[in-house]
Amino acid sequence: MASRDRPVEGFYSALNAVSSADADIMEPKNKRVNRRRTAGTYWEVERLVERRERSGAIEYLVLWKGYQAYEASWEPEDFILPRCIELYWRPRPDLSLVCENIVCFRIAVERHLKSQSRLPVRIFLRGDVFRFLLAGKGFLGRAGCFLKKMTFLSIISPWVGFMG
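For the sequence shown, the tail end lands on 164 under full-length UniProt numbering, and the numbers increase by one without skipping.
Right, here's the structure in full:
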């Protein structure tokens, strides 16, 4: 009987890190190249989702207006208008999006506090709403940015009246 192949160490963490935005599902490999080579043609950006640095070059994950999220693509910083990059760093999301994300945040925190579990909790917020609410707050540590308990109260309190 043949033995089962065991996945290499780190297999599951690598699998967990895979994003549908990085996958080229049912798309020709040269679609991105065609987008750049077309002279005078521009695509409207809905928003910049993420930023990364590859080989010393900065790239942004661009969500294109009218396209699905899995069709987002990584584009070099040089190909993106400065106004889009400014809105990435200083976003101004709609009030309804901010309220919706705060409600999800409160529900997740309250559910975790009521449970007996001591496992870490993961709360998913849109990146632009997260940057809008937490810009300049907290302090940096080795493992990332840390926030104090009072920071969360100061974030949620001003929005309570809007959420009714």
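We put the CB at the ideal spot given by N, CA and C, even for glycine.
Subject >> alpha helix (DSSP H) runs contained entirely in the stretch 36 to 113, provided each spans 4 or more residues >> reply: 82 to 89
Original post:
Is it true that the CB of S55 sits closer than 8 Å to the CB of V62?
Top reply: Locating residue 62 in the sequence shown gives position 62, counting from the first residue. Locating residue 55 in the sequence shown gives position 55, counting from the first residue. By the CB criterion at 8 Å, V62 and S55 fall outside the cutoff.
Original post:
Helix, strand or coil: which one does DSSP assign to F146?
Top reply: If you number the sequence shown from 1, residue 146 lands on position 146. Three-state DSSP puts F146 in a strand.
Original post:
Terminal residues of the continuous alpha helix (DSSP H) containing R131?
Top reply: Position 131 of the sequence shown, counted from the first residue, corresponds to residue 131. It spans G127 to L134 - the alpha helix (DSSP H) in which R131 sits, taken as one unbroken run.
Subject >> Own chain, CB closer than 6 Å to L119, minus 5 neighbours either side, in chain order >> reply: The residue labelled residue 119 in the question sits at position 119 within the sequence shown. So the list is empty, once near-sequence residues are dropped.
Original post:
Just the Cα atoms here: how many angstroms apart are C99 and F132?
Top reply: In the sequence shown, the residue the question calls residue 99 occupies position 99. In the sequence shown, the residue the question calls residue 132 occupies position 132. Between C99 and F132, the alpha-carbon positions lie close to 12 Å from each other.
Original post:
With burial defined as no fewer than 16 other Cβ atoms inside 10 Å of the residue's Cβ, what is the status of P82: buried or exposed?
Top reply: Indexing the sequence shown from 1 puts residue 82 at position 82. Exposed is the call here.
Original post:
Looking only at DSSP bridge pairs, what is F139 linked to?
Top reply: If you number the sequence shown from 1, residue 139 lands on position 139. According to DSSP, which records beta bridges pairwise, F139 is partnered with F146.
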